[in-house]
Structure formats: structure tokens, C-alpha cells
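Heads up: the sequence lines are chains A and B, in that order. Heads up: take any position in the first sequence, counting from 1, add 15, and you land on this note's numbering. Heads up: take any position in the second sequence, counting from 1, add 26, and you land on this note's numbering. Worksheet for the structure shown next.
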Amino acid sequence: MAVADLIRLLNVNPVYRTRFVHMKTTEPEPARYGLLETSLSPSLEAYLDQRGIRLYSHQCEAINHVRAGKNVILTTSTASGKTLAFNIPVFSDLESHPDARALYLYPTKALSNDQFLTLEQMAQFTGIAAKPAIYDGDTPQSKRAAIREHSRVIISNPHELHQVLSWHAKWQPFLSNLDFIIIDEAHRYRGVFGSHIAFVIRRLLRLCRHYGSNPRFILSTATLANPCEFARHLTGLEFSLVDNDGSPHGRKNFVLYNPFYDGISERSLHQETKDLLVSCVKEDLQTLCFTGSRKMAELVTVWARDDARRISSRLAESISAYRAGFLPEERRVIERQLKEGVLKGVVSTNALELGIDIGSLDAVIISGYPGTMMSTRQQAGRAGRKGDESLAILVAQANPLDQYFMHHPEQFFERSHEHAIIDTGNPYIVSGHLLCAAAELPLREEADRDFFGEFVSWLLPELESNDLLRRTSRGWVYAGRGRAADAVRLDGVPGETFRVMCHGRLLETLDLGQAYREAHKGAIMLHQGETFVVNEMDLETHTIRVTETDVDYYTQPLKEVDLSIIETLETRTVNGVRCAFGDVEVTEQYTGYKIKRGDTIIGLEPLSLPALTFRTRAFWFILPESIEQKVSGVGLDLAGGLHGAEHAVIALMPLHVMCDRWDIGGLSSPAYGEDGEPVVFVYDAYEGGIGLAEKAFSILPQLFLSAYELVRDCRCETGCPSCIYSPKCGNDNQPLDKDATAIVLGALCRGPESTGGSTGVAGMMPVTP
Amino acid sequence: MSALPAPARIGALWQQRMQGMREYEIVRDGNAFGAGFSNSFVFSSEYEQARHYLEMLLSRYRGMTIDEQFHGKELVNGGGTCFTLESRQDLSRPVLDSDCFRTDLLCDLTLVHGIGPATRKKLNARGYHSIPDLMEHPKLRSRAHEVLACLSDGNTSAIMDMIGSRHSKSHVSVLGTAGLHEPEDYVFLDIETLGLFSRPIILFGIGVIDNGKLVVYQYLLRDIAEEQAALIATAGHLSGDRVALVTFNGKSFDLPYIVDRLAYYGLGSPAKIPHFDVLHFSRRRWKDQLPSLRLAALEREILGISRSDDVPGQMVPEFYETYLRSGNIGPLVPIVEHNRQDVVSLARLFFHLLGETYGCR
């Protein structure tokens, strides 16, 4: 057993042994098969027979639900045959209804291509006239009309959909017969992006209603804590959940591996990853290694091949990179060589974690926590061929989240799944899609409330008063000058925009926030690998003038944040600490910038830019006086403690709420407002808010506990990037006090009365080293 | 989920973003290289001039009403109301030599499926000089018959499609089929819009020939709400057994745009009619001789017309928006004249090309 050999190596090798933190083993499970309520047509039966497929229980359940007219969301594991579970009901429908059409949405080009091949083979074998085709930005103009007219299965992506909806007249044959919308990897559509996609889908459904169709949905996602709620927010419809996985599994071993076990690391994460990869390949394990970036994928490959070459050139040749950006033919060669066993090790970026057709392997190495448990499980799910034992290794980075898991393996393995958040209540997002919808068909306040909610009543007059809509007897008609779909970016919320000009040529456009942060006067900007210096920022005309430059330093802005509470919406007490959630107005002011070479500050320049304000939602907590006194009593810095607590809480938000650290902002003050109380705020860094602080507010005790444990268990003395240092701090991580932070967070977990006492959670003491 | 209180600036944010989205580029004067990258551009002197012109119009027409300036009337139909203008002018038309066109077609053996230039040579050598001659040819007879049947029974669209499929769609013979129509059948069309697709059409210009004169009807939107009525009025001109549409770039722009806007209001598209896109014939005729094939350039070079007080076509949206926002009719004045002149130049250019190819010599 090669997997067992490798695990033995991890246990005995003196280098590996120190870094081997934990291993969890899951016992094998046999396949469970199911029954269909009504049998399939002979052509589909023959298709399954020819491939030797017997349907698993979850596939049957999904097919039965779909055929009963329900919308279905599938959340079973990677490689459990989700694709077949939605292709069968679609083809069955196409076969019995000669006009029926289906739309498949995929988040990436590679996935679209793979699905296209599958659909084409299926159409060919069954003789069902699906005429599948990909319709996206790369589809030649000359082929588009024929695809719209004749293809009954069209594969596209949400960005393309957003652009083509205004051409609905040309899509009439397709839209009026649309029976199914398949959204694969739907969990990708969460957060701000997902909230946009939710409205793109509503716009599609609105056109379907116009043309008289009423399509059903089949969604597939990674495992989520809130699958039905997520599906409902994404589409506006009710769903049946299929999550009982009937596919077989072999024994699975999941290893946590920490190069930073002693607080420092002699070698980089990537070197450590490379060592593990070479060891796996030497043990003859087919291994897939995920890295955080394309560049690292290439470097790890090169290093691993160099190492392997010392053993044999054949071994070196058996390691290859595989990433987005490769030509389809190159990828096909790699896929084939993997299947034939010629390739042993493949290094990929996270971008390819999803459903790509390289089957299952013996081992997976994940270099750095990919940000969500969902991605981790999807990547690890690649390990394990039918019934065979498999291995997954997570190699930790130095950051707080990764280190938290290394110190709390039980948290890593036993955590519940993440919530995928979609906010259909953000007026900044809704308003953009109202403009797009009004450009597609006149908006009717009553009928369209079904799709856009209560917002229409106050947003429509607001948009009219700015000449973007006109009220007519037919409804609200779009009258803006720009094309609405071009003005709405699916990954952000609208704001003022700046144009960056170099010698009269437009380089790029920046949002207001980006412009202040990255393109203030004196800033060094990068654009497509070239360096520019900002000569002028004209706030009146929203123009930034830059010239090319060649310098070896970079700039980093300094920011001051102020925050005022507009309205407190909810309050709660957590362990005796007052916490609240509500609408806030954040004011950010860039006061200066640092000039840095490497990590050294070589200059400091002042800036005078107007303050930026935006409304968003935040949760906050007010530190009880007793804790305040306790901190000051032992001579620690209260401001540093609050600031550290803010950073630790923000660092662990992604553990509980599906988001990125950069989606969240924070502010701490030892004397906030009129009452001068010590407060920490955590807010959504998007105009209008996107539901992150709101979700976190509902799980504050867990959030506080994990932040406390992170700080308590970190081996550093005065704070480090693994605990309370933030990579995005606007105050240059000043002031910070680790001991004070531990006291503050400790109080949040156990209440003010028990600090230093003996009634801590499971007897844990706030011991600070 | 409770809504945030209406932030008053949400509309203003979108408006600002729209302002930053121009669908044309401003190119330094004479920078043909810069212009080469963009389909849609305005030279910077042109742009500056137009901006000044707009200011001047706003002050000159302040306080005036549409009725005071334009001699038009209100039109009412199932779609509501809009404003119509009518003007007529002389138009010289060539006398067409329809025999010449007929002979050309009948002698074009390559119209028969399967005959290329080489086969034609061989057939010529063997004494087959016209398609009727091929009726004697044992193998080609039935195919020749198809072509002759199309020419004698087919409508213009079918003949255009047949010629277009054997040659190119801009072949002179395709243009020649225009001669199958009476002058009264032609409908010259040009629209002004708020942008490149997915936005309202604000002015429809329709030219028809009546008693030897060119009559230009213009359907103007006094407000966006009038678009539907203007669309219905325009669609009315595009239906009829004998109607033939003439446009400049209308195959890719004007006609699909109109179909799109009809669909926007839930209305069906007009039936297919013969469509002569003068841009295509102009491109074939003058491609390597003229630096630009825009209508304005062609009317200057070929027809010798020079416009004064014009608004560059790309800037029509911002002129019209200024009218909508301010209620000042000044910006409408050059838009209406620009559109009228486009229709007139289109008609003249069409007849110029037709006369060149099939006029009596």
C-alpha cells in the first residue's frame, strides 16, 4: 500500500515528523444504488448500459425530483456523478419535447469546454438532437445566429448572459422554449458577485415570462451550510435538496502539515510543498498539488522536476504543471497521460479545483488553506479512486487562519460547512440591474416587484430624477446614454470613477476608493507589468495623470477611519458584553503615504485628500469597564488590545462567514463617541453592505472564541502575522498589544466576571506566554 | 430583509458612471492611426467645435417651443403620440436601362449553380452564351431552368438572394435588381439613436419619392415616451408588396435596431422586404479610392455636398440628452437637419451608383 508507506514516511522522517501535526482517517463506504420512479427511454438506457453505469441513490433521487417538476440543488461530493444527474433529465426532456431548450451556466471556460464534450458525446450516442454549443465571448460572430436558432443546449457563463439579455429579440426561439437552467458550481456565485448573478438570473426569468416559458433549475454546489436558502436567494425559487451521497469511497487520510511549527520556517511553503510532492511521486502515488498562484504552480513544478531528476529523468518527466491558460490541446494531453499513468505528479492552481476531467488520484497536496472549507473539501475530494485508500495533505502558510487550524485540528475537521451569502437587498446592486432590466423590457412596477422586491417603488423615481429612466404609459423605459449592461460590473458596486491617463491615452479606470488608495499624487502604480508615477490627481474632472517611471521603491497609503452609527438594528449580550448590529457611516481619510524599498520605509509624505464616506452595515461590541480596568491595571495598552482584537476577529471571519478578509473593514477606539466607551467595529467594506457583518453577528460567540484561541495559542511574544498583524492595516499595525488583546478576547469568550478565574471554557486559562 | 433608507445619491452615482461612458473616442486631428483602432471616433477639433456649437444653440433657442421652431404636427396612433415633420425637394434620378441589366443577367452563366469562371469559358467556346442557351444543354438544363424561373417569377428578394449567393452580396447585379422597382417603391431610411443598441431611437427619417420629388418624413420623439408611436409609424412605411428598403449600413444597424426596439415594446418585426444597403455597394465601388466610406465623406467626395452647422453623428446622443434634461430645443435643430440631410444624401448616392452601373448611356 503506497499510501500507507507515505504515511509511515511522514511519521519517521525527522524533517516531516516535526511538521506532521495531525491525521484524520475516514473509513471506506460502499456504493448505494437507487431506483427511478419512471424508467428512462431506450436511448438513454442504452447510453448508461454502454458505459456500464448503474445510477447511485443520489442521482436517482435528483432525477426523480426533476421529473416531478421540482427545482433541485445537489450538494454531493466531488466526482460523485453530479453531471450525469442533471444531463439525464435534460436529455429526457429534449427527447420528448422537440422544441425544448436548456441553458447550462459554467463559471470557467475550461469547465464549459469539458461539459461541451460530454454533451456532444451524449447527443451522438443517444441520437437526441441536442446540438450543444458554447456561446460566450469567444464564439465567432458568424456562428452566433445559428447557435441561437438551432442549438437546443447552450453552454454559457453569467458574464455573457448579462451582456446578451438585451438582445432577447434574437433569442426568442431559445427563450420561449427554455425548460431547464443548469447552474454547475453554483457556490461560486456568492458574496457581491453572487448577489449580482442573482439579479442576472432574475432578469433572465423576467424575459422567460415575457416569452411564455417557465424554466426549472438544477443547481450543483459544494457542500454548504445553507443550500436551500442559497438556491432560493440565487434564483428566487424554492428547491428540493439532494445531499445523500451514494457514491463509494475508499479509506481517506487527511494530514495537517505545518512548516511553521516552531513559529519560524527555515524554508518557504513552496519548498516544503515541493518536498512532499517529490516524496509522493517517489512512492508511486499519482498526486495532484494545488498552489495559490500560477507562478507558484510553475515554480513548484520546476523545482520538483529538478529534485526528481537526481533519481531518474523518467521520474522528472512524470511531473507537469496544469493550469488555466494552457491550451485545450495541452490540457487534453496531460489528462490522457494521467489516465495512462505516464504522469505521476501534476501541479495546478486553485482555479482548476472544480470538476475538471482528470478523474481521481491517489494523493492531493494543498499548498496553503484555499480560503474556504468548501474549496478545501473539493480539492481534497480529488484524492481517492474507486475504493482505494487515499491521502490529502494541507500544508499551512504563516497566516492566522492557517495557523489557527494547525493549532486546532479538531476545529478544522469538525467545523460545520460555510454559509454562502447572497444579498438581494443591497440597493446599490439592485439599482444597476433595474437599469439593465429597463433596457431589456419596459419595467412594470407591479409585475416586476416579483423579481426586484420592494425596492422598485423608491428606486425607480430616484433613477428617473437622474434622467436614467423615463416613465411612459408602457412602463419605465431606459434612457441613459451608456449601455446599461456595460455600466454594471458584476463584481462590485457603483461608485465614482476615475480615468488614468498617460500622455492623453486612457490606461484604465479606477473606482473612487481604489483611486484614493493606489493613485494619489506621488503614488507608484503598476499597470500590466509597467511602472507609472502619478503626477496629478484632478478631483474635479476625475482624471489621474501618470507618466512612465523606473524606480525601485513602492508607496503605501496611510488611512484614518472614522465611523458613526446611523441606526442600531439589533442588540445582544454575549458573555456579559454588549454587542450590536446596525447601519453605520464610515469615513475614510488618506492622510499620507509611505515610500518603501522592500520592508524599509525610506520616506513619509503627507496627502490632502477629501474624506470618503460610505454607508454600510457593521457589528460592534463595547468592552465592559471592568475589563478596561483590568487591562490598564496591569499596565497594558487598551488601544493596542482593542486593535489586536479587531484584527484577530477580522482574520477569523472567513472561518465562519464565507468571505475574504479584504471584504471586511474594522475600527477600534478606546474612547468612542459621547460616552467615551472602548468599542470595536467590524463592517462590510462595500457600499450598502453585503450581509457579512449581519451573518457574523448571529454567530458571535463562536467567532470570539476562535479569535481568542488564535491569539492564546500563537507562540509569538508580541504579535506576528500569524495572529494580530494585519496585511491590510491602514495604521501600519500600530498600536498593538498582544497581552492586552488576549485579555479583551478572553473577556468576550467567558464574560467579564470570570477573567482570571477558574470558570473558563473547558478550564482554558488566558495564558499569554 | 429591511431596506436601507434611500441614499439620495444612488441615482447620481449611476449618472456619473454613464457620463464617463462615451461610445466614441476623441482622436487628435489628423491622427488617422489613432482612428484606425476605433470604429467610432470624433476628431478633437470637431469635438470642440460641436461643444461650442451646443452652447451657442442653448443660448439662441432659450425659451422657444418645438412648434415655434419646427413646422410639424402631432401624430397619434396605437402607440401614442409623436411629432412628425415633412419636407420635399427635387431629386434628379437616372433613367435606367433595364434591357442592359436583363442582358447582363441572362449572359451571366455563373449564376447557374455549378458553373465557375473556367466552365463558363468552356461553355462560351462551345457556343453557350446565355442562360436560355443552356436550356439546350443536356446536363445543365434543369439548373438553368431554376435560374430563369427565379428571374421571371421571383420577387426582388429572391433574385437578390440568388445573385448574392453566386456572387457577393454587394455585386453590381444585386444593385441592379433595384431597377425591377418603380421609384415610388423605394423607402430611404435613417435613424438617430441614444447609443449603439439597447437604447431608444429618438428620430426616424423616411424618404419616399412622390411625383418625382423626394419627400422626407421625420418622426421625432419630444420625449422618450413617444418612441413606440414613432416605431409604429415607421414600421408602416416598411410594409407593402412592392416596398424596397434603401439604407446606409442599415443591414447591421438601422434595421436590426428597429426590430430590437419593436421587440422591446412587445411588437413583432416587419416582414422581410428587399433591402439595398448602399454602404456595401459603396465599399465595393470606392474601397481603395477614398480614405473614408462614411456617408458624410461620400457625400462630400462624390456628391459635392458640404454641410455647415452639423452635429457629428456620434455626438447626437449627448445633444439629445441635453434637450431632454434642459427642455431647450436648441440641440434638436442640428439633429433634425442632420437626419434629413442623411436621408437626402442616401437617396442621391443610391441613384448615383445605380446610374453609374445601369443608367442609359
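Think of the CB as a built atom: it goes at the ideal place given N, C-alpha and C, for glycine as much as any other residue. Just so it is clear, the structure is predicted and the values come from calculations on it, not from any experiment.
Interface partners of residue i on chain B, CB under 8 Å
i        : result
A/ASP501 : MET47
A/HIS183 : ALA289
A/ALA787 : Residue 787 of chain A is absent from the model: chain A starts at 16 and stops at 784.
A/ALA454 : SER224 and ARG225
Residue i, buried or exposed, once every other Cβ within 10 Å from all chains shown has been counted against 16
i        : result
A/SER95  : buried
A/TYR698 : buried
A/CYS223 : buried
B/CYS386 : exposed
B/GLU100 : exposed
B/ILE36  : buried
A/THR302 : buried
A/GLN393 : buried
A/GLN65  : exposed
A/TYR48  : exposed
B/ASP134 : buried
A/LEU132 : exposed
A/TRP677 : exposed
B/ASP368 : buried
A/ASN441 : buried
B/THR91  : exposed
A/SER92  : buried
Expected contact under 8 Å - CB spacing of residue i and residue j to nearest Å
i        : j        : result
A/GLY597 : A/ILE616 : Not quite, the Cβ-Cβ distance comes to about 38 Å (not below 8 Å), so this is no contact.
A/LYS574 : A/GLN604 : 7 Å
A/VAL695 : A/SER683 : 4 Å
B/LEU19  : B/LEU240 : Outside the displayed span of chain B (27 to 387) sits residue 19 of chain B, for which this structure offers no information.
A/TYR531 : A/LEU619 : About 18 Å separates the two Cβ atoms, so there is no contact after all.
A/ARG397 : A/VAL410 : Actually they do not touch by this definition, with Cβ atoms about 16 Å apart.
A/ILE642 : A/ILE758 : 7 Å
A/ARG163 : A/PHE189 : 6 Å
A/ALA312 : A/ARG320 : Actually they do not touch by this definition, with Cβ atoms about 13 Å apart.
A/LEU25  : A/VAL270 : 7 Å
A/HIS37  : A/PRO274 : Not quite, the Cβ-Cβ distance comes to about 15 Å (not below 8 Å), so this is no contact.
A/SER382 : A/CYS304 : 7 Å
A/VAL362 : A/THR391 : Not confirmed; about 17 Å, so no contact.
B/ARG366 : B/SER113 : 6 Å
A/LEU126 : A/ASP199 : 7 Å
According to DSSP, residues forming a beta bridge with residue i
i        : result
A/ILE197 : A/TYR119 and A/ILE233
A/MET552 : A/ILE559
B/ASP116 : B/LYS239
B/GLN244 : B/LEU111 and B/GLY231
A/GLN571 : A/LYS609
B/ASP303 : B/THR273
A/LYS267 : A/THR41 and A/SER405
B/ASN103 : B/GLY106
A/THR133 : Per DSSP, none; premise fails for A/THR133.
Listed by chain order, chain A residues near residue i by CB distance under 8 Å
i        : result
B/TYR291 : PRO457 and ARG489
B/LEU344 : Looking at the sequence itself, residue 344 of chain B is Glu, so the reference to Leu does not match. Correct list: ARG496.
Interface residues of chain A facing residue i [CB-CB closer than 9 Å]
i        : result
B/PHE223 : SER181, TRP182 and ARG498
Contact list for residue i against chain B, beta-carbon separation under 7 Å
i        : result
A/LEU450 : TRP40
A/SER446 : ILE36 and TRP40
A/TYR443 : ILE36
Residues that residue i contacts on chain A, provided the C-beta gap is smaller than 7 Å
i       : result
B/GLY37 : GLU477, LEU478, SER480, ASN481 and LEU483
Checklist entry - Name the residues in the stretch 475-494 of chain A whose C-beta lies less than 7 Å from a C-beta of chain B; which are they? => result Cβ contacts with chain B: GLU477, LEU478, SER480, ASN481, ASP482, LEU483, ARG485, THR487, SER488, ARG489, VAL492, TYR493 and ALA494.
Checklist entry - Mind listing which residues of the stretch 137-158 of chain A have their C-beta closer than 7 Å to chain B's C-betas, in chain order? => result Those residues of the stretch 137-158 of chain A placed with their C-beta closer than 7 Å to a C-beta in chain B do not exist.
Checklist entry - At a Cβ cut of 9 Å, what residues of the stretch 249-272 of chain B count as close to chain A, listed as they run along the chain? => result Those would be ASP249, ILE250, ALA251, GLU252, GLU253 and GLN254, in chain order.
Item to check | Members of the stretch 182-211 of chain A near chain B, C-beta cut-off 9 Å | outcome: The residues in question are TRP182, HIS183, ALA184, LYS185 and GLN187.
Checklist entry - Listed from N- to C-terminal order along the chain, which residues in the stretch 149-163 of chain B have their beta-carbon within a distance smaller than 9 Å of any beta-carbon of chain A? => result The residues in question: there are none.
Checklist entry - Which of the residues in the stretch 533-560 of chain A, read from start to end, lie with their CB under 9 Å from any CB of chain B? => result The residues in question are HIS557.
Item to check | Near-chain A residues of the stretch 82-109 of chain B (beta-carbon distance less than 7 Å), N- to C-terminal order | outcome: Answer in chain order: GLY106.
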